[in-house]
Amino acid sequence: MALTLINSAKQRAGALLRTVSAVGVAGIFAPVAANASNGHSVPWQMDLQTAVTPVAEFIHSFHSWLVVTITVITLFVLALLILVAVKFNAKKNPVPSQTTHHVGLEIAWTLIPVLILVVIAIPSFRLLKEQIAAPKADLTIKATGLAWYWKFEYPKDAGGGFEFETRMLSDEDRAKAIASGKATKEQMPRLLAVDNEVVVPVNKVVVMQVTGGDVIHAFSVQPFGVKIDAVPGRLNQTWFKATKEGIYYGQCQELCGKDHAFMPLAIRVVSEEKYNAWLADAKKKFAAIGDAPVQTAETTISAR
């Protein structure tokens, strides 16, 4: 009877796993098609935002593999619990077993979890290295988190030499822009659209120097797989290489005060020709600030 119960439990677990896998492929693991070009989350979204950098793609593949691994382990443990509840309940076993030790089982349930964790740790450390070790930068931008907006500086030696602030558009300003025909509602998502966008060239390594000007903030852009703290008095570094043109939205992801939820940022990825044209216009639009700090993957400097 025990063998029958075990086989039955295996069959049920297998059927459930196949169902979960099918649902995952259809709606959880696959990117949401409607979100492919939005650059931000959408209502009822089940998956991560579409990855547009190599690091973000690594994060997505690791996440999907990890979900499958955890699901298999969870179903296995659930099957064991059901088996024990059915086979060893009080009605079927009025006299409980007095067994207290089983060396083989104790070794197995110690070594197997350790091996599973080691297997998980290997790609995890590879991903961590990818996130930390920035390649040689094609462009360096300094981002400063402030209450409750962002300031960005483009270095002079990279053709910039200016800074600007970016704030969330109010509902009134957003409505005016939409009414004037400058943009549609989809192009100016509420609570994410900003007055000044960061512009970067496609397929170029962009190194972000991130710091805070008052309290701790966090610079985060999910489609890029980027999230790093903005700490006053400290210059942190992250990087991305966007492989698809479009506009991608991020937010502060560190509780920083009453308007924490209202300090988004927007990064527009364009062709190199459009970037150069924007850079020329930006020099005229924004006041020059002299030399902005520069940090590459090989050097480290302190925040001003």
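By numbering that gives the first Met the number 0, the letter at position 166 of the sequence shown is numbered 165, and the numbering carries on one by one without gaps. Each residue gets a CB set at the ideal place from its N, CA and C atoms; glycine is no exception. The structure presented is a predicted model; accordingly, all values stated were derived computationally and were not measured.
In this chain, leucine 168 is not harboured by any alpha helix (DSSP H), its DSSP state being neither H nor E. Valine 206 sits away from phenylalanine 218, with the two beta carbons spaced by 7 Å or more. Boundaries of the beta strand (DSSP E) around alanine 265: 263 to 269. For the beta strand (DSSP E) assignment, the uninterrupted runs of no fewer than 3 residues enclosed by the stretch 225 to 280 are, from N- to C-terminal side, 225 to 229, 235 to 239, 245 to 251, 263 to 269.
Your pair glycine 38 and proline 222 checks out as a contact, with CB atoms roughly 6 Å apart and the cut at 8 Å. Assignment of threonine 70 by DSSP, reduced to helix, strand and coil, places it in the helix class. A direct Cα-Cα distance of roughly 19 Å separates alanine 136 from threonine 143.
Bridge pairing for valine 206: Thr139, Trp238 [DSSP]. Judged by DSSP in its simplified three-state form, phenylalanine 57 adopts helix.
Note that the C-beta distance between alanine 146 and glycine 256 is below 7 Å. For phenylalanine 61, the CB contacts under 8 Å within the same chain, skipping 5 residues up- and downstream, are Pro122, Ser123, Leu126 in chain order. Residue pairing for glutamate 152: DSSP places it in a beta bridge opposite Lys141, Glu162. Approximately 7 Å separates the beta-carbon atoms of valine 197 and leucine 264; this is inside 8 Å, confirming the contact. If you draw a 10 Å sphere on the C-beta of histidine 100, you find fewer than 16 other C-beta atoms in it, and that means exposed. With a cut-off of 8 Å on Cβ pairs, the stretch 258 to 273 is in contact with the stretch 227 to 244, counting three or more such pairs. For valine 220, the beta-bridge partners assigned by DSSP are Val225. Taking C-beta atoms as the reference points, arginine 166 and tyrosine 148 count as a pair closer than 7 Å.
Straight through space, the alpha carbons of aspartate 213 and aspartate 258 are spaced by roughly 14 Å. In this structure, glycine 249 sits near valine 220, with a CB-CB distance shorter than 7 Å. When rounded, the separation of the alpha-carbon atoms in threonine 139 and glutamate 253 is 23 Å. Separation of valine 85 and valine 117 (C-alpha to C-alpha, rounded to the nearest whole angstrom) is 33 Å. Rounded to whole angstroms, lysine 283 and tryptophan 277 show a C-alpha spacing of 10 Å. Residue range 102 to 131 is occupied by the alpha helix (DSSP H) that includes proline 112. Using a 10 angstroms sphere on the CB of valine 76, the tally of other CB atoms stays under 16, which defines it as exposed. As a beta-bridge residue in DSSP terms, glycine 211 pairs with Gly144, Pro231.
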